[in-house]
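Right, one structure below, let's go through it.
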Amino acid sequence: MDWTGTNSGEVVRMNDSLKRVQVPTIKNNLKTRLTLAFGLLTVTLTLLVVAYAQDIAVRELRERVGVNLQEVSQQVRDKLEMGLEERYLDLTVASSILAPEIEVGSFDGVQAMVNALHMTFEDYAWIGFAALDGDVLVSTGDMLEGINVAHRPWFKAARSEPYLGDVHRASLLDAILNADGGETLRFVDVAVPVRSADSGEVLGVLGAHLDWEWARKLESAMLSPLENRLDADLLVVGQDSTVLLGPRGLEETLLHTRSVRQALSGRSGYGVEIWSDGVRYLIGYSQTRDSPNFEGLGWAVLVRKPVASAFEPAQHIRNGIIIAGLVAAALFCLLAWLTARRVSRPLLEMTREAEAIEIGARHSDIAVRDDFEEVSVLSRAFNRMVRGLRSKESELLKLNITLEERVASRTEDLESANRALREEIATRETLRAERERMIRQLKDLANTDVLTGISNRRHFFEEGERVLKRVERRHTKAAVILFDVDHFKRINDTYGHGVGDEALKHLVEIAKRATRDIDLLARIGGEEFALLLEDETGENAGDIAERLRSMVETTPLALPDKEIHMTISLGIARIGECEVPTLDLLLAHADRALYRAKERGRNRIEQASTCGPDPVSEDGRGKKKPLG
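Numbering follows full-length UniProt numbering, with no gaps: position 234 of the sequence shown is 234.
See below:
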């Protein structure tokens, strides 16, 4: 079949059909989709594995390091308890040995014993024996001998039972031992009663001040071997939450943390806290216990380590897992790309053959491939579709010719009908515009005075009733000014009705200039005019009336050969505080005021209030005013 003669419309439709089977462009092709799908799946699984592994690693590491810190705090606690226990035993054994000598008043052996104890344990800052009255009889280095210590807590408590005192400062010893003005010394008191071996009677008190540097040495001995592995701080906190031993900046400050509260309540454990320096610490804690021989001091022993360094191995584990996951993701993406390339190759070949058919370079069917079952099915279906399109080509050509003729005929009919419709629409628009113009003219004729061009009596009463309703609803004020030309009949008789008409138009022009835009001006009789003022404030009506009267008096009607001077009389009726009257009644009051103005000489203004009695006359508007 010759494809060069194919109708252009059919070629476009055939192209659309062929494009439906094309493989998407390289930006959205199968290869890219498979690669992205495998890559995203791998990255997602990697992230999940990393998160899970990190959680397990951090949890296990936290538990391992936390338990380690807790164990270190317990070991330090045991060392503190052991040290205090040993000092207690030192004094207990010494008191038993020295009791017979003290009982007979021999103190040479006592002196030798305290010196030997001091030499055996160099952290004894002072050891001495005080008699029952509190006088120090024997001491190391003869310090405080002869001084009475009866008021000291260690002496008072140890007269009845062994005593262990918390860390404190000792001003007397500090002045002697720290003569060079160095850091103030702190001590722990250990004291036992010296009892007679026979009677058990208390002979005195053997006491010692243990230099608190002993605890710092113990800290160094415990933590220095672990420095590279542990890298932690040790804190000893008293029962009042005061830091007794710790980093220099924290000593002798109050420490209120959860770990301190837990330790002081007798619990041992570990936890993570943010301290006042803003650093998160992993803390192991425990509390010193009571000895079977004496009541313990209840110190809290804390070992802290920054979380950043404590959990650093977990970070290394996580980084390793991430790197391994990224490598795995890259390998899977490469595998996906190769697979997608293998799958898409037959589809790309089918696409090239379909494009050749589209441009007419190929007239045979595309090759049926057996790479995959799906590709084979697709190629056969494509060939059936192409053959079906070719078989309908001739029918489409015939239909196109017939359709074009019908379209041309129908188009001509539609254009003819469209022209007639446009003419009908134009005619109706002309009639509608003419109708609206005539309606406006009729309204103007019904509401306008023909001679002066202002509102007539009918429009004045219609609009006036609406104004009065607004006044009543809004509780505002209003006024009516009724005026006419003085001796107007004389003007008509003297100069003729034409000049009289010009005089009325001249009066209207002056009234327009003298009044406001919101005021309603109307001719309600031959030479009689009414002015309705809305939102009248009580003096505006009089001001407007006076301005109008003055302008009429000073503005003559200029004719070609002469000037005619005119005056007007005005009657004002204002709505006061009483009930709003009808417009007829308001005009009747204004007419009564106008009558008074005529009686009192004309060219003047008179006012009437609507709160007075209703004007009554035979014509319903009051007394008949003089003509002119």
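Glycine residues also receive a C-beta, built at the ideal position from the N, C-alpha and C atoms.
Alpha carbon of residue 629 to alpha carbon of R59, nearest angstrom: What is shown of the chain runs 1 to 628, which leaves residue 629 out entirely.
For N148, the three-state DSSP class (helix, strand or coil): Secondary structure of N148 (DSSP, three-state): strand.
Cβ contact (3+ pairs, closer than 8 Å) linking the segment 538-548 and the segment 488-502: No, because fewer than three Cβ pairs between the segment 538-548 and the segment 488-502 fall closer than 8 Å, the two stretches do not touch.
Beta-carbon gap between T140 and W126 smaller than 8 Å: Yes, Cβ-Cβ distance for T140 and W126 is below 8 Å.
Residue nearest to D90 in terms of C-alpha spacing, selected from V114, A197, H256: The shortest Cα separation from D90 among V114, A197, H256 belongs to V114.
Bounding residues of the alpha helix (DSSP H) (the contiguous stretch that carries D511): At residue 511 the sequence reads Ala, which differs from the Asp that was named. Judged by DSSP secondary structure, A511 falls within the alpha helix (DSSP H) whose first and last residues are 497-514.
Contacting residues, own chain, Cβ-Cβ under 6 Å from P24 (five flanking each side not counted): Summary for P24: the model assigns pLDDT 49, below 50, so the residue's position carries little reliability; its value from the coordinates is reported in the next sentence. Nothing listed; no residue qualifies.
Close beta carbons around I518, own chain, < 8 Å, minus the five adjacent residues each side: Apart from the 5 residues on each side of it in sequence, I518 sits with its Cβ closer than 8 Å to the Cβ of E534, D535 in its chain, given in chain order.
Cα-Cα separation, S85 to P306: Per the sequence shown, the amino acid found at residue 85 is Glu instead of Ser. For E85 and P306, the gap between their C-alpha atoms comes out near 33 Å.
N-terminal and C-terminal residue of the alpha helix (DSSP H) that H589 is part of: Here the alpha helix (DSSP H) through H589 covers 583-599.
Extent of the continuous beta strand (DSSP E) run through S259: Counting along the chain, S259 falls outside any beta strand (DSSP E), though it belongs to the alpha helix (DSSP H) covering 258-264.
Start and end residues, beta strand (DSSP E) containing V580: V580 -> no beta strand (DSSP E), and no H or E assigned at all.
Alpha-carbon to alpha-carbon, L482 and D591: If I take the Cα positions, the gap works out to 6 Å.
CB contact flag (F332, G66, <8 Å): Against a cut-off of 8 Å, the Cβ pair of G66 and F332 comes out as no contact.
Terminal residues of the beta strand (DSSP E) in which P306 lies: Counted as a single uninterrupted DSSP element, the beta strand (DSSP E) harbouring P306 occupies residues 300-306.
Close-in-space but distant-in-sequence residues of the same chain around V580 (CB under 7 Å, 5 per side omitted): Excluding sequence positions up to five before and after V580, its CB lies within less than 7 Å of the CB of L468, V471, E472, all in the same chain and listed in chain order.
Distance, G109 Cα to G207 Cα: Approximately 16 Å, taken between the alpha carbons.
Validate contact between the segment 296-306 and the segment 70-77 using beta carbons, cut 8 Å, 3 pairs: Taking 8 Å as the limit for Cβ pairs, the verdict is that the segment 70-77 does touch the segment 296-306.
DSSP three-state assignment for S609, whether helix, strand or coil: Strand at S609.
Proximity test, R523 beta-carbon vs the ligand FMN heavy atom, cut-off 7 Å: The ligand FMN is not part of the structure shown, which contains no ligands of any sort.
Residue nearest to L69 in terms of C-alpha spacing, selected from A112, R474, A310: It is A310 whose Cα lies nearest to the Cα of L69.
W212 - partner residues in DSSP beta bridges: Looking at the DSSP output, W212 shares a beta bridge with no other residue.
F488 to I572 span [Cα, whole Å]: One C-alpha to the other measures close to 20 Å.
Residues that S96 bridges to, as DSSP identifies them: Its beta-bridge partners do not exist; DSSP assigns none.
Short CB-CB distance (under 8 Å) between S241 and chain C: Here chain C cannot be found, since the structure has a single protein chain.
Sequence-distant residues of the same chain with beta carbon closer than 7 Å to G325, five excluded per side: Here the set comprises T46, V49, V50.
Same chain, Cβ closer than 7 Å to R258, neighbours up to 5 away in sequence not counted: Counting only Cβ-Cβ distances below 7 Å, and skipping sequence neighbours, we find G271, E273.
Whole-angstrom distance between T120 and L234, CA atom to CA atom: Taking C-alpha positions only, L234 is separated from T120 by approximately 27 Å.
F382 and I366 closer than 8 Å at C-beta: Yes, they are a contact pair.
Contact set for H168: own chain, Cβ-Cβ below 7 Å, skip 5 residues either direction: Answer for H168: R186, F187, listed in chain order.
Secondary structure, alpha helix (DSSP H): runs of 4+ residues fully inside the segment 62-124: Fully enclosed alpha helix (DSSP H) runs of 4 or longer: 108-120.
Simplified DSSP assignment, three categories, for D543: Note: D543 maps to helix in three-state DSSP.
First through last residue of the beta strand (DSSP E) which encompasses A157: First-last for A157: 153-158, but that is the alpha helix (DSSP H), not the beta strand (DSSP E).
Residues sharing a beta bridge with I572, DSSP: Per DSSP, the beta-bridge partners of I572 are I481, Q607.
Cα-Cα separation between F460 and I425, rounded to whole angstroms: In a straight line, the C-alpha of F460 is about 40 Å away from that of I425.
CA nearest to the CA of G269, picked from G278, S196, Q287: Residue Q287 is the option with its Cα nearest to G269.
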